[in-house]
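Read the structure below first, then the notes.
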Amino acid sequence: MTLLERGERVGKKVLATGNGRCNLSNTAIEGASGSAYYNNPDFVAPTLSRYGCEVVRAFFEELGLLTIADERGWVFPRTRSANSVLDVLWAQVRRLGVEVHTGCTARRLSADAHDEHSEHRRLLVETDKQDFAGRAVVLACGVVPDLAALACQQTLGATPILGPLKTAAEPLKGLDGLRVNCRVRLLDGRACVGEETGEILFRNYGVSGIAIFNLSRLASPGQVLSLDLFPELTEAELMALLTERLRLLAGPLRPSAELNAADFLTGTLHARLALAVLSAAGLRPTEVLNPTALPRLAHVLKDYRLAVRGGPTEVQAQVTRGGLDPQQFSPATLESRTHPGLFAAGECLSIDGPCGGFNLHWAWSSALLAAIQATAAMRS
Ligand SMILES: Cc1cc2nc3c(=O)[nH]c(=O)nc-3n(C[C@H](O)[C@H](O)[C@H](O)COP(=O)(O)OP(=O)(O)OC[C@H]3O[C@@H](n4cnc5c(N)ncnc54)[C@H](O)[C@@H]3O)c2cc1C
Numbered sequence: 525m526t527l528l529e530r531g532e533r534v535g536k537k538v539l540a541t542g543n544g545r546c547n548l549s550n551t552a553i554e555g556a557s558g559s560a561y562y563n564n565p566d567f568v569a570p571t572l573s574r575y576g577c578e579v580v581r582a583f584f585e586e587l588g589l590l591t592i593a594d595e596r597g598w599v600f601p602r603t604r605s606a607n608s609v610l611d612v613l614w615a616q617v618r619r620l621g622v623e624v625h626t627g628c629t630a631r632r633l634s635a636d637a638h639d640e641h642s643e644h645r646r647l648l649v650e651t652d653k654q655d656f657a658g659r660a661v662v663l664a665c666g667v668v669p670d671l672a673a674l675a676c677q678q679t680l681g682a683t684p685i686l687g688p689l690k691t692a693a694e695p696l697k698g699l700d701g702l703r704v705n706c707r708v709r710l711l712d713g714r715a716c717v718g719e720e721t722g723e724i725l726f727r728n729y730g731v732s733g734i735a736i737f738n739l740s741r742l743a744s745p746g747q748v749l750s751l752d753l754f755p756e757l758t759e760a761e762l763m764a765l766l767t768e769r770l771r772l773l774a775g776p777l778r779p780s781a782e783l784n785a786a787d788f789l790t791g792t793l794h795a796r797l798a799l800a801v802l803s804a805a806g807l808r809p810t811e812v813l814n815p816t817a818l819p820r821l822a823h824v825l826k827d828y829r830l831a832v833r834g835g836p837t838e839v840q841a842q843v844t845r846g847g848l849d850p851q852q853f854s855p856a857t858l859e860s861r862t863h864p865g866l867f868a869a870g871e872c873l874s875i876d877g878p879c880g881g882f883n884l885h886w887a888w889s890s891a892l893l894a895a896i897q898a899t900a901a902m903r904s
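Following our numbering from start to finish, the sequence shown increments by one per residue and tops out at 904.
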C-alpha cells in the first residue's frame, strides 16, 4: 500500500480543524436521516448507512482514540486535541507498513500501457517524482487544480463555502468585532431559503459565525440576510414590550421630552448595534422618541437587513464545493463508473455538510468504504 502526499506532512489540515480540537463527527449521522444534512443525500446514504457516527467512533476507539460528544452532538477526541487524531492514524499507518511518499505531487492518472492486454489492468499515477502503478487508486486530494487529470474526467466548478459572507457596507457601520445572538434568515426575494439561530460576528466586510457559515452553503449575491435581534418574541410581543418601556422610561421621573431614541434602546442591545438599528429605522439617536416610531423600530429589530454581496474567499472557507461529479461514481462502492479501479473519497467529490463534524465524517466514512472496495478490487 502506497500513500502519496504533496505536502511535507500527511494530515496537516486535520490539525487546523475545530480550532485545533477536531470536531470529527456528529451523533445526528445515524440511520437514514443522517444523509439529509448533506447537499447530495441520495449519494451519501449508502456510505452513511454503513459508516454512521457510532461506527466511525468505534473505528477511532479501536485505534486508541477516546471520543466524546458535547450537548449539541458534536464529536471530539476526549483530549480535545486534533493532534491525538493524527497520532492514532499515524500509528496505524506504521502498523500496516504503508509506504509513505511526502513532497510528492500526483499529476495524472491513466491506464498502464504495459498492462493493456492483461486481464487485470493496472492504473498508472504520474507524479513530479516517479510513476506508481497499481490495481486500485483511492483519490482523497480535496478540490485541487490537477483533479481533472487525476480522475480522467471534467470537474465541476469550485465554490468556497462554510465561511463568512460579504454584505452591503452601510448597515455594518461601527459594528466590526461585535457578536450577537440572533435568528438569521436567508431570503431570496420573498422566499426564505435558509434559517439558522446562533451567534453571529459582524466584520467590516460582512458577517461571520457558525450560523453564517452554514447559510454560506445556500447563499448567493442578490439574496438578503434578515437578522431577528429578538427571536424570543413575536413582533406583536416586542411592540408591547417597547410600548411598556416607553411608558416606564418617559414616565413621571423622566419627562418624555428628554428621552431620546438612543437612551430608549440603552440596555436592550449593545450600544453600537442600537445606533445601527436606529439608523435603519430612519431615526437620529438624539431625536426625541415619538411613540409613532415604535412600530418601525420593532420591525427593524425583528428584520435587520443585510444584502449579500458574495461568499467566502478560498482562504476563509472551510470547504470547497465542486470537484468530482458524484454522478460519475457508484454510491455503493465509490468506484468510478468510467475507470474501474479508481475510487474517490472526501472533499474531492462534490459532497458537503454543515458545521458540526459532518465534513470530516464524510471524509472518514467515504475513505473507509473506498479503502475496503479498493482492497477487494486489488484481490479480485
Ligand atoms: C480551518 C478549517 C477547519 C475545519 N474544521 C472542521 C471541523 O472541525 N469538522 C469538520 O467536519 N470539518 C472541518 N473542516 C473541513 C474538513 O477539514 C475537510 O472537509 C476535510 O479535511 C476533507 O478531507 P479530505 O481528505 O477530502 O481533503 P484534505 O483534508 O484537504 O486532504 C487532501 C490531502 O491531499 C493532498 N493532495 C492534494 N493534491 C495532491 C496531489 N496532487 N498529490 C498528492 N497529494 C495531494 C493535500 O496536500 C492534502 O493533504 C475544516 C476545514 C478547515 C479549512
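Here a beta-carbon is modelled for each residue, glycine too, at the ideal position from N, C-alpha and C.
Rounded Cβ spacing between residue i and residue j (contact assumed at less than 8 Å)
i, j, result
"A894", "V662", "5 Å"
"A552", "G597", "5 Å"
"V843", "I685", "5 Å"
"L799", "A786", "7 Å"
"C872", "G666", "6 Å"
"G865", "A901", "6 Å"
"L749", "V832", "6 Å"
DSSP state of residue i mapped onto helix, strand, coil
i, result
"V580", "helix"
"E756", "coil"
"C872", "helix"
"P601", "strand"
"P878", "coil"
"S803", "helix"
"S559", "helix"
"K690", "strand"
"A593", "strand"
"I724", "strand"
"L848", "strand"
"A898", "helix"
"L633", "strand"
"V748", "strand"
"E719", "strand"
"G588", "coil"
"G544", "helix"
"L866", "strand"
"S904", "coil"
Sheet register partners of residue i (DSSP bridge)
i, result
"H885", "In the DSSP output, where bridge partners are listed per residue, H885 has none listed."
"D655", "E650"
"E623", "T526"
"A831", "V748"
"N814", "Bridge partners of N814: none, in fact."
"L770", "For L770, which the question treats as bridged, DSSP gives no partner whatsoever."
"L793", "T790"
"V667", "Looking at the DSSP assignment, V667 forms no beta bridge with any residue, so it has no partner."
"S890", "None, per the DSSP bridge assignment."
"G730", "K690"
Limits of the unbroken beta strand (DSSP E) element including residue i
i, result
"P855", "That residue, P855, is in no beta strand (DSSP E); it is neither H nor E in DSSP."
"L680", "680-685"
First through last residue of the alpha helix (DSSP H) which encompasses residue i
i, result
"V839", "Where V839 is concerned, there is no enclosing alpha helix (DSSP H), given that its DSSP letter is neither H nor E."
"H823", "818-826"
"N607", "606-619"
"R707", "Looking at the DSSP string, R707 is not in any alpha helix (DSSP H); the run it does join, the beta strand (DSSP E), is 703-712."
"F573", "Checking the sequence, you will find Ser at residue 573 rather than Phe. Start and end: 565-574."
"L739", "734-739"
"L663", "Premise fails: L663 lies in the beta strand (DSSP E), 661-663, not in any alpha helix (DSSP H)."
"L671", "671-675"
"D700", "Premise fails: D700 is in no alpha helix (DSSP H) and is neither H nor E."
"A540", "536-540"
Neighbour-count burial assignment, residue i, 16 or more Cβ in a 10 Å radius
i, result
"S549", "buried"
"A868", "buried"
"S557", "exposed"
"N883", "buried"
"D655", "exposed"
"Q747", "buried"
"E660", "In the sequence under discussion, the amino acid at residue 660 is Ala, which differs from the Glu named in the question. Buried, by the Cβ-count rule."
"I724", "buried"
"C546", "buried"
"N738", "buried"
"L633", "buried"
"V708", "buried"
"A715", "exposed"
"D700", "exposed"
"S889", "buried"
"S904", "exposed"
"G698", "exposed"
"V622", "exposed"
"V599", "buried"
"I592", "exposed"
Check: residue i C-beta below 8 Å from any heavy atom of ligand 2
i, result
"L647", "Ligands present in the displayed structure are limited to ligand 1, and ligand 2 is not among them."
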